[in-house]
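Peer 1: Those letters in the sequence shown? Residues -11 to 481, by the working numbering.
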Amino acid sequence: MTLKKWKEKWKVTDAPHEPGARWLRLPGRTRVGIVIFLLTFIVYTLVFIAVPRFRGATSTQGDEPHYLIITESIIRDGDVFLTNNYKAQQYRPYFEQDISMWHVAHGKNGRFVSTHPMFISIMVLPGFWLFGYPGAAMTMILLMSAAALFSFLLTDRFVSRGIAAGVTLFLFFSYPLLFYSRQIYPETVGVFLVALGLWSAWRLKESARPFHAALMGFSGSAITLFHPKFIAITISFFILFLIVRPGKDLKLLFAWLAPSVVCAALLIALTSVAFGPRILQGLTASGGSKFQCGYWGTNSVWGIPGLYLDRAWGLLIFAPLYALFTHGLICQKTDLEWERWWIFFPVCIGLHTLMLGVFQSWNGGAAPVQRYLVPLAPMFLLSIALFLDRVRSKVTWGIAGLLALYQVVTTVWAFRFMVGTYGMEGTDNIFLSHFLGNNVVKKFLLSVFPLLHPAGVMSVTLLAAWLLFFCFTVYLARRYHMRYGGGKLPPAY
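The structure is reproduced here in structure tokens:
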């Protein structure tokens, strides 16, 4: 083959503008996705540099130093036994206070080990070993930026590109995702894995390739490797695999199961390193055992609605735009859309909410609320974008704009009073009181959002009112969409 023919075959050119030509040859979706990845990475990095510590808070928050002390122990001692590491206060460079040993349990040979799963501590180890805490934080920033990329790549298939890009950037640059971009938490990794898993699932529908089945299996199973409390997401992703796989090809099933088996084996192996043969104790050690010795907690059933609506620990009083995800879910044009894809969303969101709503520490602890819903953000994002694309009324967009403006305000305020966003035990909403005092806006918000720890008669009444409100507004959204249509044509199901 001559050089000329070789260049023609592989579209090689000697033009000086070749890098630009290569960029333009990429699909538009890919180009925008790369821009979104770079934007989120740059913004998250600049925020981390400009605000290394939030006002009134330590460099790391909540469980973060307890994950990093495991990393310290692995690097310094080659083990996961933590008594000497806590006593030597090796956490001081990234947590400027004393830490009581609440987050430990008797593990292998009676030695103290962390109640937290250790895989995230292992994942950030290279960055932490090279650059300390900033290296670990940058690892999380990379993952969150990749989550924004995959969230957009999926959303762009269902809605117009401008809405897909706009909703992706807004949600990843506002509360709570902006503040979780650096957090050494399983929830931060969870955002990435859920986004990757959803994208892989749709690519499996499009390509029927074992690679995408394996990637989906890895995403759905690895999230439980980071914390067993995410088991509902793993189960839901297997259901999604059964929904989207083309035919009953055993190769695809084996491709999905192979990484799942590896993740399960690794989870058991790591748990046995810390707890020896007491695997079940190790898998259930987290989630409040350090306070009340168990997974289940008193009044924890109220966490199911409380994850969303509690006035102190719920997501919607801090980030109300997420309330629109229910309205987006109902805007499907045919039953086939539900059967081939969308049914996964209420299944996964519902199972995860049920699982974490009865979690002993459903409040989330010393971290921005609502921590446990953060991994579901890619699903919320897609549903919100779908609603805005398919219900194009001025009233709808006006309401969405007001909710977004409120969310911008809480995002700015969170920089000034981060501890006010914490879901601490036995607390009411101190965040709004800090900025609004006792004015009419604060009184109104705290009167319409229920306090569910514990729940009283008024709380139950407010929950019923919220349920009726959502049913009515979801009905209106569905009615508008079915009457007027609108939005990008859905992909082939």
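Backbone N, C-alpha and C define an ideal beta-carbon position, used for all residues, glycine too. Keep in mind it's a predicted model, so treat the numbers as computed, not measured.
#1: Can you grab the Cα-Cα spacing for the pair Ile482 / Trp385, in whole Å?
#2: So Ala38 is in the alpha helix (DSSP H); what residue range does that whole segment cover?
#3: Would you mind sorting Gln485 into buried or exposed? The rule is 16 or more other CB atoms within 10 Å of its CB.
#4: Nearest to Met367 by CA position, among Trp329, Val346, Ile387, is which residue?
#5: Return the chain-ordered list of same chain residues with a C-beta closer than 6 Å to the C-beta of Ala183, the five sequence neighbours on each side being excluded.
#6: Would Phe146 and Asp323 be called neighbours here (beta carbons separated by less than 9 Å)?
#7: Can you say whether His54 is buried or exposed, counting buried as having 16 or more other CB atoms within 10 angstroms of its CB?
#8: Straight-line CA distance for Thr398 to Ile337?
#9: Can you have a look at Val92 and say buried or exposed, based on whether 16 or more other CB atoms are within 10 angstroms of its CB?
#10: What do you reckon, is the C-beta of Arg17 under 8 Å from a heavy atom of the ligand GDP?
#11: Would you report the Cα separation of Leu142 and Leu370, rounded to the nearest angstrom?
#12: At which residue ranges does the region 151 to 224 contain complete alpha helix (DSSP H) runs of 4 or more residues, listed in the order of the chain?
#13: With DSSP collapsed to three states, give me the class of Ala134.
#14: Comparing alpha-carbon positions, which option in Thr259, His215, Phe199, Leu186 lies nearest Ser537?
#15: May I ask you to report which of helix, strand or coil DSSP gives Gly8?
#16: Give me the DSSP bridge partner(s) of Ser102.
#17: Taking the beta carbon of Pro356 as the centre, do at least 16 other beta carbons fall within 10 Å, making it buried, or is it exposed?
#18: Where does Gly282 land, buried or exposed, given buried means 16+ other C-beta within 10 angstroms?
#19: Pop quiz: Thr156 and Ile24 are said to be a contact at Cβ under 8 Å. What is the actual Cβ separation, rounded to whole angstroms?
#20: Please list the terminal residues of the continuous beta strand (DSSP E) segment that includes Pro438.
#21: Do three or more CB pairs link the region 156 to 170 to the region 105 to 114 at distances below 8 Å?
#22: Taking just the CA atoms, how far does Leu14 sit from Gly411?
#23: Can you tell me the Cα-Cα spacing of Arg466 and Phe460, whole angstroms?
#24: Which whole-angstrom value describes the C-beta separation of Met406 and Gly44, a residue pair presumed to lie in contact below a C-beta threshold of 8 Å?
#25: Can you confirm whether the region 65 to 83 touches the region 97 to 106 when touching is taken to mean that 3 or more C-beta pairs between the two stretches lie within less than 8 Å?
#26: Would you call the region 437 to 446 and the region 294 to 313 in contact, with 3 or more CB pairs under 8 Å?
#27: Could you please give me the residues that DSSP links to Gly411 through a beta bridge?
#28: Please classify Asp51 as buried or exposed, where buried requires at least 16 other C-beta atoms within 10 Å of its C-beta.
#29: Taking 9 Å as the threshold (beta carbon to beta carbon), is Gly185 in contact with chain C?
#30: Hey, would you say Met132 sits closer than 9 Å to Phe180, going by beta carbons?
Peer 2: A quick look at the data gives this:
#1: Any question about residue 482 goes unanswered here, given that the chain covers just -11 to 481.
#2: By 1-based counting over the sequence shown, the position of residue 38 is 50. Run containing Ala38: 16 to 38, per the alpha helix (DSSP H) assignment.
#3: What is shown of the chain runs -11 to 481, which leaves residue 485 out entirely.
#4: Here residue 367 refers to the residue found at position 379 when the sequence shown is read from its first residue. Shortest Cα-Cα distance from Met367 to any of Trp329, Val346, Ile387 involves Trp329.
#5: Within the sequence shown, the letter at position 195 stands for residue 183. Closer than 6 Å at Cβ, skipping near neighbours: Ala135, Phe138, Ser139, Pro366.
#6: Counted from its first residue, the sequence shown places residue 146 at position 158. Counted from its first residue, the sequence shown places residue 323 at position 335. At the C-beta level, Phe146 and Asp323 stay beyond 9 Å of one another.
#7: Indexing the sequence shown from 1 puts residue 54 at position 66. Looking at its Cβ environment, which holds 16 or more other Cβ atoms inside 10 Å, His54 is buried.
#8: Taking the sequence shown and counting its residues from 1, one reaches residue 398 at position 410. Taking the sequence shown and counting its residues from 1, one reaches residue 337 at position 349. In this structure, the straight-line span from the alpha carbon of Thr398 to that of Ile337 is close to 24 Å.
#9: On the sequence shown, position 104 is the one that residue 92 refers to. Buried, since its Cβ has 16 or more Cβ neighbours within 10 Å.
#10: Here there are no bound small molecules, and the ligand GDP is not part of this structure.
#11: Locating residue 142 in the sequence shown gives position 154, counting from the first residue. Locating residue 370 in the sequence shown gives position 382, counting from the first residue. Pairing Leu142 with Leu370, the inter-Cα distance amounts to about 8 Å.
#12: Counting only runs of 4 or more residues that sit fully inside the region 151 to 224, the alpha helix (DSSP H) segments are 165 to 168, 174 to 195, 198 to 214, in chain order.
#13: By 1-based counting over the sequence shown, the position of residue 134 is 146. Note: Ala134 maps to helix in three-state DSSP.
#14: There is no way to answer for residue 537, as the model of the chain reaches only from -11 to 481.
#15: Position 20 of the sequence shown, counted from the first residue, corresponds to residue 8. Correct three-state label for Gly8: helix.
#16: What you label residue 102 is simply residue 114 of the sequence shown in a count that begins at 1. Looking at the DSSP output, Ser102 sits in a beta bridge with Val92.
#17: Numbered from 1 along the sequence shown, position 368 holds the residue referred to as residue 356. Around the beta carbon of Pro356, a 10 Å sphere encloses 16 or more other beta carbons of the protein chains shown; the residue is thus reported as buried.
#18: By 1-based counting over the sequence shown, the position of residue 282 is 294. Confidence is the limiting factor: at Gly282 the pLDDT is only 44, short of 50, which leaves the residue's position unreliable, though a coordinate-based value still follows. When all chains shown are included, Gly282 counts as exposed.
#19: On the sequence shown, position 168 is the one that residue 156 refers to. On the sequence shown, position 36 is the one that residue 24 refers to. That pair is a contact at about 6 Å.
#20: For this step, residue 438 is matched to residue 450 along the sequence shown. Note, Pro438: premise wrong, no beta strand (DSSP E); not H, not E.
#21: Touching, no.
#22: Here residue 411 refers to the residue found at position 423 of the sequence shown. Here residue 14 refers to the residue found at position 26 of the sequence shown. Their backbone Cα atoms lie some 44 Å apart in a straight line.
#23: Here residue 466 corresponds to residue number 478 of the sequence shown, with the count starting at 1. Here residue 460 corresponds to residue number 472 of the sequence shown, with the count starting at 1. The alpha-carbon of Arg466 is positioned some 10 Å away from that of Phe460.
#24: Here residue 406 refers to the residue found at position 418 when the sequence shown is read from its first residue. Here residue 44 refers to the residue found at position 56 when the sequence shown is read from its first residue. Confirmed, about 6 Å.
#25: Between the region 97 to 106 and the region 65 to 83, the count of C-beta pairs closer than 8 Å reaches three or more; the two stretches touch.
#26: In this structure the region 437 to 446 lies against the region 294 to 313, because at least three pairs of beta carbons, one per stretch, are closer than 8 Å.
#27: Here residue 411 is taken as the residue at index 423 of the sequence shown, counted from 1. Beta bridge pairing from DSSP links Gly411 with Gly353.
#28: Residue numbering aside, residue 51 sits at position 63 when the sequence shown is read from its first letter. Counting of Cβ neighbours within 10 angstroms places Asp51 among the buried residues, the total reaching 16 or more.
#29: You won't find chain C in this structure, because it holds only one protein chain.
#30: In the sequence shown, counting from the first residue as 1, residue 132 sits at position 144. In the sequence shown, counting from the first residue as 1, residue 180 sits at position 192. Their beta carbons are under 9 Å apart, which means Met132 touches Phe180 by this criterion.
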